[in-house]
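Enquirer: Supplied in structure tokens, the structure appears directly below.
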Amino acid sequence: MGSNSLSNKISELSKEDLLKRAKSYIFSSGLNDGASKLCKANMKYGLAQFHLIQENYGFNPKATFISSPDETISRNNFRWNSGLGYGGRLNWGDGNEKLIFLNVKPNCCGILVGGLDELPDPYDIIKKIDNVKSTELYYDDVLINWDFGVSNHFINCFETKNLSDTKFPPYMFMIHGSAPEFQNDRYGIGLYIDFSNTLKELAIEKQTLFGKQYILLDSDAKEYLEFNKKAIHFSNKKREIIARNIFNPDYKVICNTPHQFLKDFNNMYLGSNSTDIKTNIVQTNIFPTALRADLACYLFRGKKSFSRTVLINNDFFTRAEDLELLDLLSNANILPHGGGYMLPDVRRVQKVLEYKYQRYFACELVKDQKKLKIVRDVKELQFEYRGRDVILKSIQLELGEVIARLNPIFSLKL
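In this text, residue positions in the sequence shown follow numbering that gives the first Met the number 0: the first is 0, and each later residue adds one.
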């Protein structure tokens, strides 16, 4: 897309041209399987809404989605129906523009990786978990909500295989969890626009051609960002407290990093680690990528991404240059936190049917392309977790260097 089309007022474009323009702001490094294609098909609707709202408030309408190899659907219906997918970084400014899109719904989810000298007994862990769940634990006067039995939140133990000069303990565990305590307005403004009445009263509701977005501006955006930072800190501490109560209190913290969080006013990480170690949110340059329970997990040392070579090889460079996004793409700094959802029976999206701001995705099936599965709420779709292809793609894209393989011993989901 050249500079002439960018100089036009985008609110004067047709729906078709708005979507075409939005599509050019998607830089996909996903596996291009059915879930990846569904993500891209939906994401252009979200970006088109962002662009219209940005222009309406005098911001540069250049919201961009940079996906990571785990690019996939969002199984949160509110987020998905807002035109948003999962697995990557969503950017809509330089980080300082006081505009926040609330439909992204940050939950401050992250993974703590801890090191152990001895392998714990699963039965002992089960007993300790039962004790923790029956005990009121607090941090900063907030009652800790046990959320390690919901969604894909889990506790796993591994044997360590060192693959670099960094020497890790012989055993490791992972605790995967978020901060549901902060989703509503019990402890402040609230993170979730569909859970917090306080947040909904503050938010500006914007109806666009493609649906509704909720935004915050100026001092309200600043208040929300501060609350988000508080929630990230709480989520990190919560995982550490749970780990101390379940494992040896002397365990070694290898890393404790969020992957579903608002980094600043204009950057949302949707299931992706941020390898930008210059920010206060990122405390280490070690990041986990967790696959399904029967496969090894991996620890990466993060790299600055994308390199010029990777941008050229993936046909990003010229488009990023034309859209004046080269600096953003050269500092994408993303790394998958997991494999992401795979939809085993979906081949591709044939078309999107729109009705009253609702989108129905007509998907061709893997085994019979003549048959269509038409879906609106993708949460109901059959899914699996991807495997090592995500690791290989991350290495290929130079997103990080593998420094350890964690071979699974047992997984607990209670």
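We put the beta carbon where it would ideally sit given N, CA and C, even for glycine.
Report the rounded CA-to-CA distance for residue 165 versus residue 334, giving the unit in angstroms.
Expert: On the sequence shown, residue 165 is found 166 positions in, with the first residue counted as 1. On the sequence shown, residue 334 is found 335 positions in, with the first residue counted as 1. Residue 165 and residue 334: Cα-Cα distance of roughly 20 Å.
Enquirer: Would you kindly check if the distance between the Cβ of residue 399 and the Cβ of residue 294 is under 7 Å?
Expert: By 1-based counting over the sequence shown, the position of residue 294 is 295. By 1-based counting over the sequence shown, the position of residue 399 is 400. It is not a contact, given that the beta carbons lie outside the stated cut-off.
Enquirer: Give the straight-line distance between the Cα atoms of residue 100 and residue 57, rounded to the nearest whole angstrom.
Expert: For the purposes of this step, residue 100 is taken as the residue at position 101 of the sequence shown. For the purposes of this step, residue 57 is taken as the residue at position 58 of the sequence shown. The straight-line gap from Cα to Cα measures roughly 15 Å.
Enquirer: Could you give the distance in angstroms between the alpha-carbon of residue 374 and the alpha-carbon of residue 390?
Expert: Position 375 of the sequence shown holds residue 374. Position 391 of the sequence shown holds residue 390. Rounded to the nearest angstrom, the two C-alpha atoms are 29 Å apart.
Enquirer: Roughly how many angstroms separate the alpha carbons of residue 224 and residue 369, rounded to a whole number?
Expert: Taking the sequence shown and counting its residues from 1, the one referred to as residue 224 is at position 225. Taking the sequence shown and counting its residues from 1, the one referred to as residue 369 is at position 370. About 47 Å.
Enquirer: Please report how far the alpha carbon of residue 125 lies from the alpha carbon of residue 243, in whole angstroms.
Expert: Mapped onto the sequence shown, residue 125 falls at position 126. Mapped onto the sequence shown, residue 243 falls at position 244. Going by the C-alpha atoms only, they are around 14 Å apart.
Enquirer: May I ask you to report which of helix, strand or coil DSSP gives residue 336?
Expert: As a first step, residue 336 is located in the sequence shown; it is residue number 337 there, counting from the start. In this structure, residue 336 counts as coil in the three-state DSSP scheme.
Enquirer: Do you know how far the Cα of residue 135 is from the Cα of residue 142?
Expert: In the sequence shown, the residue the question calls residue 142 occupies position 143. In the sequence shown, the residue the question calls residue 135 occupies position 136. Their backbone Cα atoms lie some 7 Å apart in a straight line.
Enquirer: Is any heavy atom of the ligand SAM found at a distance shorter than 6 Å from the C-beta of residue 224?
Expert: This structure lacks the ligand SAM, and indeed carries no ligand of any kind.
Enquirer: Beta-carbon within less than 6 Å of residue 358's beta-carbon, same chain only, minus the 5 sequence neighbours each way: which residues are those?
Expert: The residue you call residue 358 lines up with position 359 of the sequence shown. Answer for residue 358: 351, listed in chain order.
Enquirer: Quick one: is residue 276 buried, meaning 16 or more other Cβ sit within 10 Å of its Cβ, or exposed?
Expert: The residue given as residue 276 occupies position 277 in the sequence shown. Looking at its Cβ environment, which holds fewer than 16 other Cβ atoms inside 10 Å, residue 276 is exposed.
Enquirer: Between the alpha carbons of residue 68 and residue 180, how many angstroms are there, rounded?
Expert: Taking the sequence shown and counting its residues from 1, the one referred to as residue 68 is at position 69. Taking the sequence shown and counting its residues from 1, the one referred to as residue 180 is at position 181. Going from the Cα of residue 68 to the Cα of residue 180 covers about 30 Å.
Enquirer: What's the C-alpha gap between residue 384 and residue 71?
Expert: Position 385 of the sequence shown holds residue 384. Position 72 of the sequence shown holds residue 71. If you take the alpha carbons of residue 384 and residue 71, they lie about 10 Å apart.
Enquirer: Inspect the CB distances between the segment 258 to 271 and the segment 74 to 94 and report whether three or more fall short of 8 Å.
Expert: Short answer: they touch.
Enquirer: Does DSSP classify residue 282 as helix, strand or coil?
Expert: Position 283 of the sequence shown holds residue 282. Residue state, collapsed to three classes: coil.
Enquirer: Out of 309, 360 and 319, state which residue places its alpha-carbon closest to the alpha-carbon of residue 397.
Expert: Residue mapping note: residue 397 aligns to position 398 of the sequence shown, counting from 1. If we check each option's Cα against that of residue 397, 309 comes out closest.
Enquirer: Using a 10 Å radius around the Cβ and a threshold of 16 neighbouring Cβ atoms, would you call residue 231 buried or exposed?
Expert: Walking along the sequence shown from the start, residue 231 turns up at place 232. Its Cβ being crowded by 16 or more others within 10 Å, residue 231 is buried.
Enquirer: Helix, strand or coil: which one does DSSP assign to residue 290?
Expert: On the sequence shown, residue 290 is found 291 positions in, with the first residue counted as 1. Residue state, collapsed to three classes: coil.
Enquirer: Check the C-beta distance from residue 327 over to residue 161 and give it rounded, since I have them as a contact under 8 Å.
Expert: Position 328 of the sequence shown holds residue 327. Position 162 of the sequence shown holds residue 161. Not really, about 35 Å apart at Cβ, beyond 8 Å.
Enquirer: Assuming residue 284 and residue 301 make a contact with CB atoms under 8 Å, what is their CB distance in whole Å?
Expert: By 1-based counting over the sequence shown, the position of residue 284 is 285. By 1-based counting over the sequence shown, the position of residue 301 is 302. Indeed, because the Cβ distance is near 5 Å, the residues count as touching under 8 Å.
Enquirer: Does residue 322 come out as helix, strand or coil in the three-state DSSP assignment?
Expert: Stepping through the sequence shown from its first residue, residue 322 is reached at position 323. Coil.
Enquirer: Start and end of the beta strand (DSSP E) containing residue 174?
Expert: Mapped onto the sequence shown, residue 174 falls at position 175. Residues 170 to 176.
Enquirer: Would DSSP call residue 96 helix, strand or coil?
Expert: The sequence position of residue 96 within the sequence shown is 97, counting from 1. It is coil, neither helix nor strand.
Enquirer: Count the other CB atoms, across all protein chains shown, that sit within 10 Å of the CB of residue 60; report buried if there are 16 or more and exposed otherwise.
Expert: Looking up residue 60 in the sequence shown gives position 61. It counts as buried.
Enquirer: Helix, strand or coil for residue 44 per DSSP?
Expert: Mapped onto the sequence shown, residue 44 falls at position 45. Helix at residue 44.
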